[in-house]
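First up is the structure itself, then whatever we jot down about it.
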Amino acid sequence: MKIIKVKNYDELSIEASKIVANLLKQKEDACLGLATGGTPIGMYQNLIKMYRDGEISFRNIKTYNLDEYCDLDQNHSQSYYSYMHEHLFNNIDISKDNIHIPEGNSGNNEEACRKFNELLNQSTIDLQVLGIGGNGHIGFNEPGTPFNQETFVVELTDKTRNDNKRFFDSIEEVPRYAITMGIKNIVQAKKILLLASGLGKAEAVARLINGEISEGFPASILKRHDNVIVIIDEEAALLL
Ligand code: GLP
Numbered sequence: 001m002k003i004i005k006v007k008n009y010d011e012l013s014i015e016a017s018k019i020v021a022n023l024l025k026q027k028e029d030a031c032l033g034l035a036t037g038g039t040p041i042g043m044y045q046n047l048i049k050m051y052r053d054g055e056i057s058f059r060n061i062k063t064y065n066l067d068e069y070c071d072l073d074q075n076h077s078q079s080y081y082s083y084m085h086e087h088l089f090n091n092i093d094i095s096k097d098n099i100h101i102p103e104g105n106s107g108n109n110e111e112a113c114r115k116f117n118e119l120l121n122q123s124t125i126d127l128q129v130l131g132i133g134g135n136g137h138i139g140f141n142e143p144g145t146p147f148n149q150e151t152f153v154v155e156l157t158d159k160t161r162n163d164n165k166r167f168f169d170s171i172e173e174v175p176r177y178a179i180t181m182g183i184k185n186i187v188q189a190k191k192i193l194l195l196a197s198g199l200g201k202a203e204a205v206a207r208l209i210n211g212e213i214s215e216g217f218p219a220s221i222l223k224r225h226d227n228v229i230v231i232i233d234e235e236a237a238l239l240l
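At position 185 of the sequence shown (counting the first as 1) the number is 185 in this note's numbering, and the numbers step up by one without a gap.
This is the structure we're talking about:
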C-alpha cells in the first residue's frame, strides 16, 4: 500500500480528487467505484469544481456504488441514492444510465444483490474509492465477513449503526440491513483509493497499516492488493 500523509481534511480531499481527475483525463470512459459517508464529500466537491471549470467530464464515465441501506425509500434524505445525487451526480454531466447503485428497497433484496453482482462481474472498476469504518469495515463488510464474499445483504453491527446515527433523527431510524459489494468485488478493482480523516479513524488506520491480514478486520485485505493508495491526514495518522 502506498501511504500519502497530508495535513488535514482539505488537503486529503484535494489529493483524492486529483487522483480521480487524472484517471478521467487518461480514460474518458473509466469505470469508478464510489463510496458514501462523510469522508469523500470534500473530494466530490473538488471534482464538481473541476467539472465546472471544464477540466474533466463524466459524460462517458460509469459508476458503481459500494452499498445502499435496505428498506429505506430511494428518495429518503439518507439513502445512498440521495447522497450520491446530492453530492455528485446532480452537479456533473454523467449519464443517468451509467449510474449503478444497489437497489435496497426493491422488495427482493436477494434478487437485487444478484443483479448488482452480475453487473459488477460484467465490468472492471478502474478505481474504487473507499472510506473505512471505525471497526475496519469497507463498504458495509463488517468484521468476520469472508474475504471471498460477493454482493450480499448484511446485518449492520451496533457500532456501525451508532456511527451512522448522526445522519438520522434517532437510532431506531438507522436501517438494520444493507446491500453491499462483497470484499471479493472490491478487490477486483484495478486500483483502490482509501481515505481516512480525523481522530476517530486513528485506531483503524494503525490497525490497517501495522496489523495482520484477517477477516476480523476487513480493510486488512487491501494489503494483498498490489495497487492501493491510502490517504490519511495528521489526526488519522496519530497512532502510527
Ligand atoms: C459507512 C459506509 C462506508 C464508509 C464508512 C465510513 O457506513 N457504508 O462506505 O466508508 O461508513 O464513513 P465516514 O466517512 O462517514 O466515516
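Glycine included, every Cβ here is placed at the ideal spot set by N, Cα and C. It should be emphasised that the depicted structure is a prediction, and the values quoted were computed from it without experimental measurement.
Name the DSSP beta bridge partners of Glu155, please? DSSP, once it has assigned bridges, lists Tyr177 as partnering Glu155.
Closest Cα partner of Asn135 within the set Ser13, Ala202, Asn105 and Gly33: Looking at the Cα atoms, Ala202 is the closest of the given residues.
Is the beta carbon of Pro175 less than 8 Å from the beta carbon of Tyr83? No, the Cβ-Cβ distance between Pro175 and Tyr83 is not below 8 Å.
Rounded to the nearest angstrom, how far is the Cβ of Ala236 from that of Val205, given a contact under 8 Å? Your pair Ala236 and Val205 checks out as a contact, with CB atoms roughly 5 Å apart and the cut at 8 Å.
Excluding the 5 residues preceding and the 5 following Ala21 in the sequence, name in chain order all residues of the same chain whose CB lies nearer than 7 Å to its CB. Apart from the 5 residues on each side of it in sequence, Ala21 sits with its Cβ closer than 7 Å to the Cβ of Leu47, Met50, Glu55 and Ile56 in its chain, given in chain order.
Should Leu156 and Ala178 be called a contact, given that it needs their Cβ atoms to be closer than 8 Å? Going by C-beta atoms, Leu156 is nearer than 8 Å to Ala178.
Below 7 Å, is the gap between the Cβ of Asp132 and the nearest heavy atom of the ligand GLP? It should be noted that the sequence gives Ile, not Asp, for residue 132. Taken from the Cβ of Ile132, at least one heavy atom of the ligand GLP lies inside 7 Å.
Would you kindly report the start and end of the unbroken beta strand (DSSP E) that includes Leu194? Start and end: Lys191 to Ala196.
Does any heavy atom of the ligand GLP sit closer than 7 Å to the C-beta of Ala35? For the ligand GLP, at least one heavy atom lies less than 7 Å from the Cβ of Ala35.
Look up Phe217 in the DSSP assignment and give the residues it is bridged to. Looking at the DSSP output, Phe217 sits in a beta bridge with Ser214.
Which term fits Ile171, buried or exposed, when burial requires 16 or more other beta carbons within 10 angstroms of its beta carbon? Exposed is the call here.
Does the distance from the C-beta atom of Asn8 to that of Glu234 stay below 8 Å? In terms of Cβ geometry, Asn8 and Glu234 form a close pair [threshold 8 Å].
Based on the DSSP output, what are the partners of Tyr69 in its beta bridges? For Tyr69, the pairing in a beta bridge is given by DSSP as Ala178.
With DSSP as the reference, label Gly144 as helix, strand or coil. Note: Gly144 maps to coil in three-state DSSP.
On the DSSP bridge assignment, give the partners of Tyr9 in chain order. Answer is none; Tyr9 lacks a bridge partner.
For a minimum of 3 consecutive residues, which ranges assigned as the beta strand (DSSP E) are wholly contained in the segment 68-109? List check, beta strand (DSSP E) in window: nothing returned.
Decide if Gln128 is buried, meaning its Cβ has at least 16 other Cβ atoms within 10 Å, or exposed. Residue burial is scored here from C-beta neighbours: Gln128 has at least 16 other C-beta atoms within 10 angstroms and is therefore classed as buried.
Taking the C-alpha atoms as reference points, what is the distance between Asp169 and Asn162? Going by the C-alpha atoms only, they are around 12 Å apart.
Could you tell me the alpha carbon to alpha carbon distance between Ser220 and Ala196, rounded to whole angstroms? Linking Ser220 to Ala196 through their CA atoms gives a straight-line distance of about 14 Å.
Quick check on Ile231: does DSSP put it in helix, strand or coil? In the structure shown, Ile231 falls within a strand segment according to DSSP collapsed to helix, strand and coil.
Measuring only the C-alpha atoms, how far is Pro102 from Asn108? Their backbone Cα atoms lie some 12 Å apart in a straight line.
Helix, strand or coil: which one does DSSP assign to Gln26? Of the three classes helix, strand and coil, the one that applies to Gln26 here is helix, per DSSP.
Of the listed residues Thr145, Leu66 and Pro40, nearest to Leu119 (C-alpha basis): Here the closest residue by C-alpha is Leu66.
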